[in-house]
Every structure is written in C-alpha cells, then in structure tokens.
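Quick note: the sequence shown uses our numbering, first residue 785, plus one each step.
Notes to accompany the following structure.
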Amino acid sequence: ERKGNWIHFNSLPFYPNEHFQRNHLLIDNNQGINQKTIKYYLSFQSLTTEIISNDALPRKISFLSPQETGLASGNLLGWGNIQSPDHSIDQREDDGRSLCFDSLPLNENYELFGFPTVKLNLSSNTNYGLICVRLCMIDEKISSSILISRGILNLTHCKSHEHPQLLNIDEIFNVEIILSGICVSIPAGSRLRLALSTSYWPIVWPAPQLSTLTIYFNELSSCTLTLPCLNEKYSTRNDFGHPEICQGIPIKYLRASSINRFRIFDEISEIITLKINEDCGSSEYPDGLIWDETTESIYTIKKNDPHSARIEINRYLKYYFQDRSSIKVDIKTKSIMFTKQSPSTYEVEHQLNIYNKDQIFFEKNWNLSFPRINN
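Pasting the structure below:
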C-alpha cells in the first residue's frame, strides 16, 4: 500500500495557460492567480531563494551531455506497478551526466501541487538543441536522487510547436519549460536538485547534431525555478473503498509474467545497449485456447554520436489449443527505427510473419521514410 492521502478540491485547480490552450478549455481569469509559489534562482551550481550577486562567480556555464543520458529514466508510459522497472531509478547516474543546481536543506515540508516551471537564458553552438529539465529530491539519509518531475523541449520549438525554427548560432534566447504535474510532499531536511541535460535517451530521440548549450545568469533576466504550492482550499479523503470490478472468467496461468531490464556497454566501440525483455506469460482460457506473448525491446546508441540511435522491437505471440490439432498460430513482428544523414530522414522498417501449424500463412515487409524537420 502506498503512503499518502487523497485530496479533494471544491473547484478546479489552476493549470498553466498552455494546458488550457492545448486542450481547448476555458480559463477563469480569477482562478489560480493567488496560488502560492516558491521561487528559486539559479546561480553557479546552486538553487537559492534570493538572487546572488557575486562578481567572482561565472556568469555563464556551457554543458553537453553524453548520448546515454536518460538511461535511469524508466519507461515513459509504464503500467504503474510498484515492482515494475518501468519506474525511474536513482537519478545520481543521470545527474552525473547533467548540469546540476542544488538547494540547501529545506527548513520545512514542501507541499507541492501543480506544474513546476523553469525559465532559462540559453544559447546553442549549432542550429539545433534539446533541453531536458529534471526536478529531483535528494534524500537526506542515503543521498539518493529521486525524480519528482521533468520537462523536455526541442529548442527549435521554443517559439512555436506549429512553426519550429532553426536556432541562430550563439544567440541568447529566453525559454520557459513547463514540467509534468506533481502532487507531492517533500520533507524538511531534503534538498532540491534541478538537473539540465542535452539528451534523454531512449525517451527522446537525439537532436541531429551534438549541440553544446550555454546558460547565462543575468540579474535583470534571472534563470528561475517556480514551484506551485498546495493551497488551503482542499480537504483530505480516505473513505474510498476498493474499486468495483466484474467477476473474471476462470483463467489458468501456465507461466507467470515477468520483466527484466539490463544494459551492455562495449568499452571499445562505446556503444550502449539497453534491453527490455517483457514476458506477458502464458494463459489458458475456458475454451482451451492458450495465449502466449513476449516482447523484446533493444535500444542502442553510441556515446557521442546522435546518428547512431537505433530502436528494435521484436514481438512474439502464440495462440493454440492444447492438442495443437485445430489451430496453432505463431505471429512474429519486428520493427526497426534509425536515421539517415543524407538526406536527413527517419527510417522505419517493419516485418510481419504469421504461421499456422508451422506453415507460412502470411508475411509482409515494408519500409517507411520521414523527413527530419528541425528535429
């Protein structure tokens, strides 16, 4: 059982304007204006609640993350099972590949609800750029880094998702990144960490060029982290019963489901391979039909080569009856995605093979090509 409380609002909580615009919702101008926030300012590797004016500190920092940054991210769309490797793991691994800003230990509990926002002054040494912003909590006891929220932006989309534009090399621009929504209590004594990286594999496909970003600290236009606080206009509820579900059909489980996630690093070629093997198990239904499914996902990338990114997904499904006399279907699918440099395209290759009683029933191979446009 997870710790925590259900909270109840009498009116719709506040969301950023971007959320309403994307979802075609009406916004009450009086809503959310008085929401309490906590603002932190970014300075040289620090998060502070006040602007630090110190001429001895650098006014800018450049950073470029290795391409494998993000391997501690977990899966983007996990099932939510607490035992599943879908979840992000200790972030210290990715923190070491990122530019980090840490706060002092908190003097009080932070009750946060909403969408954290980060404002940055940036430039890129190429026409492209990717920024991943992670908000983490540093546990005071074991110093582990726990992912709280994250936001990712292709910087060619910093002005418009509909009309992306190439960046002007070394030109400073302002950008606001809205992180994913949170509802969390951060205990006193913990520290906050804001981690910035230029890659986030395999959740995000790499930018087409290695792009070093530079962050600028300007007192007139500060780089900030704004945390939304939970206001007092809510109540807690713990009176929910178990969810109602219909009675299931009797299923015999022949093989339990399992999942594992591991990596291989070739120190000679500097290629990192992430493999996820998902075994959905084998089940027998009341009519005797047996269903069996497994999936293998392979993500490979070279340390400093964004064009080496490659994804391969293999899926195997079997449907048959115990006597294997009437039907025995085997389905195999294989999908591969990679990029080409000239012309700059995304390439997708598909393969489908269907067998019945070990005889080929249907097969198809097809390829797709999509132009890379400012990404």
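A virtual CB, placed ideally from N, CA and C, is assigned to each residue, including glycine.
The structure displayed is predicted, hence computed values, not measured ones.
Query: Residue span of the alpha helix (DSSP H) that contains residue 1156, given as start and end; Result: Where residue 1156 is concerned, there is no enclosing alpha helix (DSSP H), given that its DSSP letter is neither H nor E.
Query: Contacts around residue 889, its chain only, beta-carbon distance under 8 angstroms, and the 5 residues preceding and following it disregarded; Result: 924, 972, 973, 974 and 975
Query: Neighbourhood of residue 1155 by C-beta, 6 angstroms cutoff - its chain only, sequence neighbours within 5 removed; Result: 1129
Query: Contact set for residue 1048: own chain, Cβ-Cβ below 6 angstroms, skip 5 residues either direction; Result: 1057
Query: Beta-carbon contacts of residue 1006 that lie in its chain and below 7 angstroms, excluding the five residues immediately before and after; Result: 825 and 835
Query: C-alpha gap between residue 1147 and residue 983, whole angstroms; Result: 37 angstroms
Query: Residue range of the unbroken beta strand (DSSP E) whose run includes residue 834; Result: Note, residue 834: premise wrong, no beta strand (DSSP E); not H, not E.
Query: Residue 1065 vs residue 1105 beta-carbon contact at 8 angstroms; Result: no
Query: Element boundaries [beta strand (DSSP E), containing residue 1077]; Result: 1073-1086
Query: Minimum C-alpha distance to residue 1118 - residue among 933, 1158 and 1081; Result: 1081
Query: Assigned secondary structure, residue 1160 (DSSP; H/G/I helix, E/B strand, else coil); Result: Residue 1160 lies beyond the residue range present for the chain, which begins at 785 and ends at 1159; the question has no answer from this structure.
Query: Per-residue burial, residue 898 [other beta carbons within 10 Å of its own, 16 or more giving buried]; Result: buried
Query: Per-residue DSSP class, three states only, for residue 947; Result: coil
Query: Residue 989 burial status per 10 Å Cβ neighbour count (16 or more: buried); Result: buried
Query: Residue 1093, buried or exposed, once every other Cβ within 10 Å from all chains shown has been counted against 16; Result: buried
Query: For residue 935 and residue 884, the rounded distance between their alpha carbons; Result: 15 angstroms
Query: CA-to-CA distance, residue 914 to residue 994, given in whole angstroms; Result: 10 angstroms
Query: Spatially closest choice to residue 1043 from 1036, 1063 and 1034, by CA coordinates; Result: 1063
Query: CA-to-CA distance, residue 1159 to residue 1151, given in whole angstroms; Result: 21 angstroms
Query: Residue 854 versus residue 986 - alpha carbon distance; Result: 7 angstroms
Query: Buried or exposed by the 16-neighbour rule on C-beta atoms within 10 Å, applied to residue 881; Result: buried
Query: Residue 940 in three-state terms, based on DSSP; Result: helix
Query: Burial state of residue 1030 (16 or more Cβ within 10 Å); Result: exposed
Query: Which listed residue (1008, 879 and 1114) has its alpha carbon closest to that of residue 959; Result: 1008
Query: Collapsed DSSP secondary structure at residue 1063 in the structure displayed; Result: strand
Query: Own chain partners of residue 790 with C-beta closer than 6 angstroms, once the 5 adjacent residues on each side are dropped; Result: 1021
Query: Straight-line Cα distance separating residue 1027 from residue 838; Result: 56 angstroms
Query: Rounded straight-line distance, which links the Cα of residue 929 to that of residue 918; Result: 11 angstroms
Query: Residue 1067 and residue 1100 closer than 8 angstroms at C-beta; Result: no
Query: Per DSSP, the bridge partner or partners of residue 1042; Result: 1063
Query: Contacts around residue 968, its chain only, beta-carbon distance under 7 angstroms, and the 5 residues preceding and following it disregarded; Result: 896 and 932
Query: Residue 874 and residue 979 closer than 8 angstroms at C-beta; Result: no
Query: Cβ-based burial, residue 1085 [other Cβ within 10 Å; buried from 16]; Result: buried
Query: Beta-bridge pairing of residue 791 - partner residues as DSSP gives them; Result: 1020
Query: Rounded separation between residue 1034 and residue 1040 - CA only; Result: 16 angstroms
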